[in-house]
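Have a look at the structure below before the remarks.
Protein chains in written order, with the working numbering: chain A, 1 to 207; chain B, 1 to 207.
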């Protein structure tokens, strides 16, 4: 399955999902399957974890550097979570799109809402588990979360799912392969939207 | 390539193209490849041509029968072309959608505009040749049209293409197979639109 090559601007693809939906696995598989698809790398002030690489997983910066960038309005959106800052780099995202490349932004629902208020064009995809009991099972399998934490995550998922109504597409992560192929189909279909092909249309009219 | 099966309502797919774009070939191939997809059959008062079957190609009716149906508002849209009436049956289209089946409506741009004003939900796809010189070549190959007629058709195509700006998707008919697969991708992607999955979302929320 290939991504249809467009001569026009790239497309912004925003992917959100409650915790435990397999968002990271889907993202990795998608980027693997579509090497042309770029991934937005966020800035963060949190400590680098084992195995994480600067400029690959995140840009790890000091609080001062982050706040300077924020002051200079270099973020499309930013948030403070558990005392750490996270920000989506504006220039990188916009230049990637202008350069004709599609860019994937995996972000929580609050971040997605902020992006949507700034960028009109984009595909907003919400990834969901087939049901909440299945999500609970998946979280239990991880074993890293204690029961109380799982209960909290399920409650949070319920709240987050409500935000899905403001997204464009819903993809059920029943199987990773199917979910990834569906996302590729969605991107391909979107590339045929008239809104991305006005120049092509004008070209044909005057051919 | 399969059409994703939805538990919800079917989707209305409206396909338009200027004459000579291979619309009929694409339609036939699409219906062949996706047997679940139904085709809307129009009513007409024109004479049945050789090879055409009543209830398959058109419902061939008398002028009186047509005008009676029109008076009873049984058409989603109707038009008079070269003295003959053509109409899209409202009940058949709406019942097919309600029954969970997708329905394909191949119709000219004027008809599509009338449908759009009545039915909010639907996928409006415009099929185009790669360029107008290629369209001219295709029309010349047919040999059924004299040169003057071809010139008229090209001019008409130019006018019709302008209407494409009010459609949702643009598909270039460079190869029939690719065009058909793109339309299938578009239908699949649309089925994941939040607007068609509100019930699914509510179901997951309360699971």
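Beta carbons: idealized from backbone N, C-alpha and C, even for Gly.
Boundaries (first-last residue) of the beta strand (DSSP E) holding residue i
i: residue 48 of chain B; result: Looking at the DSSP string, residue 48 of chain B is not in any beta strand (DSSP E), and its letter there is neither H nor E.
i: residue 193 of chain A; result: Note, residue 193 of chain A: premise wrong, no beta strand (DSSP E); not H, not E.
i: residue 32 of chain B; result: Unbroken run through residue 32 of chain B is the alpha helix (DSSP H), 23–33; no beta strand (DSSP E).
i: residue 37 of chain A; result: No beta strand (DSSP E) holds residue 37 of chain A; DSSP gives it neither H nor E.
i: residue 169 of chain A; result: 169–172
i: residue 42 of chain A; result: Unbroken run through residue 42 of chain A: none, as it is neither H nor E.
i: residue 16 of chain B; result: 12–16
Where residue i falls, given that 16 or more other Cβ within 10 Å makes a residue buried
i: residue 132 of chain A; result: buried
i: residue 40 of chain B; result: buried
i: residue 182 of chain A; result: buried
i: residue 127 of chain A; result: buried
i: residue 32 of chain B; result: exposed
i: residue 175 of chain B; result: exposed
i: residue 232 of chain B; result: A query on residue 232 of chain B cannot be resolved here, the shown segment of chain B reaching from 1 to 207 and no further.
i: residue 122 of chain A; result: buried
i: residue 63 of chain A; result: exposed
i: residue 129 of chain B; result: buried
i: residue 93 of chain A; result: buried
i: residue 75 of chain A; result: buried
i: residue 18 of chain B; result: buried
i: residue 172 of chain A; result: buried
i: residue 16 of chain B; result: buried
i: residue 125 of chain A; result: buried
i: residue 25 of chain B; result: exposed
i: residue 199 of chain A; result: exposed
i: residue 197 of chain B; result: buried
i: residue 1 of chain B; result: Any answer about residue 1 of chain B is weak, because its pLDDT of 45 lies below 50 and its placement is not dependable; what the coordinates show is given next. By the 10 Å Cβ count, residue 1 of chain B comes out exposed.
i: residue 55 of chain A; result: exposed
i: residue 83 of chain B; result: exposed
i: residue 140 of chain B; result: exposed
Range of the contiguous alpha helix (DSSP H) that encloses residue i
i: residue 111 of chain B; result: 109–118
i: residue 93 of chain A; result: 90–98
i: residue 123 of chain A; result: Unbroken run through residue 123 of chain A is the beta strand (DSSP E), 123–128; no alpha helix (DSSP H).
i: residue 155 of chain A; result: 147–163
i: residue 134 of chain A; result: 132–142
i: residue 79 of chain B; result: Run containing residue 79 of chain B: none in the alpha helix (DSSP H); it sits in the beta strand (DSSP E), 75–81.
i: residue 68 of chain A; result: 63–71
Within-9 Å CB hit, residue i to chain B
i: residue 29 of chain A; result: no
i: residue 200 of chain A; result: yes
i: residue 203 of chain A; result: yes
i: residue 107 of chain A; result: no
i: residue 77 of chain A; result: no
i: residue 193 of chain A; result: yes
i: residue 161 of chain A; result: yes
i: residue 164 of chain A; result: yes
i: residue 42 of chain A; result: no
i: residue 70 of chain A; result: no
i: residue 158 of chain A; result: yes
Beta-carbon separation (whole angstroms), residue i vs residue j, contact threshold 8 Å
i: residue 96 of chain B; j: residue 10 of chain B; result: 6 Å
i: residue 13 of chain B; j: residue 102 of chain B; result: 6 Å
i: residue 108 of chain A; j: residue 194 of chain B; result: Actually they do not touch by this definition, with Cβ atoms about 18 Å apart.
i: residue 162 of chain B; j: residue 205 of chain A; result: 7 Å
i: residue 42 of chain B; j: residue 87 of chain B; result: 6 Å
i: residue 135 of chain A; j: residue 112 of chain A; result: No, residue 135 of chain A and residue 112 of chain A are not in contact; Cβ-Cβ is about 19 Å, not under 8 Å.
i: residue 201 of chain B; j: residue 164 of chain A; result: 6 Å
CB contact below 9 Å: residue i versus chain A
i: residue 36 of chain B; result: no
i: residue 14 of chain B; result: no
i: residue 112 of chain B; result: no
i: residue 197 of chain B; result: yes
i: residue 189 of chain B; result: yes
i: residue 153 of chain B; result: no
i: residue 270 of chain B; result: This structure cannot settle anything about residue 270 of chain B, because the visible part of chain B is limited to 1 through 207.
i: residue 207 of chain B; result: yes
The ligand PLP heavy atom lying under 8 Å from the CB of residue i
i: residue 150 of chain B; result: Questions concerning the ligand PLP fall outside what the structure shown contains, since it holds no ligand whatsoever.
TODO: Output, in sequence order along the chain, the residues in the region 50–64 of chain A whose CB is closer than 8 Å to any CB in chain B.
DONE: none
Task: Residues within the region 166–187 of chain A neighbouring chain B, beta-carbon criterion of under 7 Å - done: 167, 168, 169, 170, 171, 182, 185 and 186
Open item on the list: Counting only Cβ-Cβ distances shorter than 7 Å, please list the residues of the region 122–147 of chain A near chain B, keeping chain order.
Closed with: 128, 131, 132 and 133
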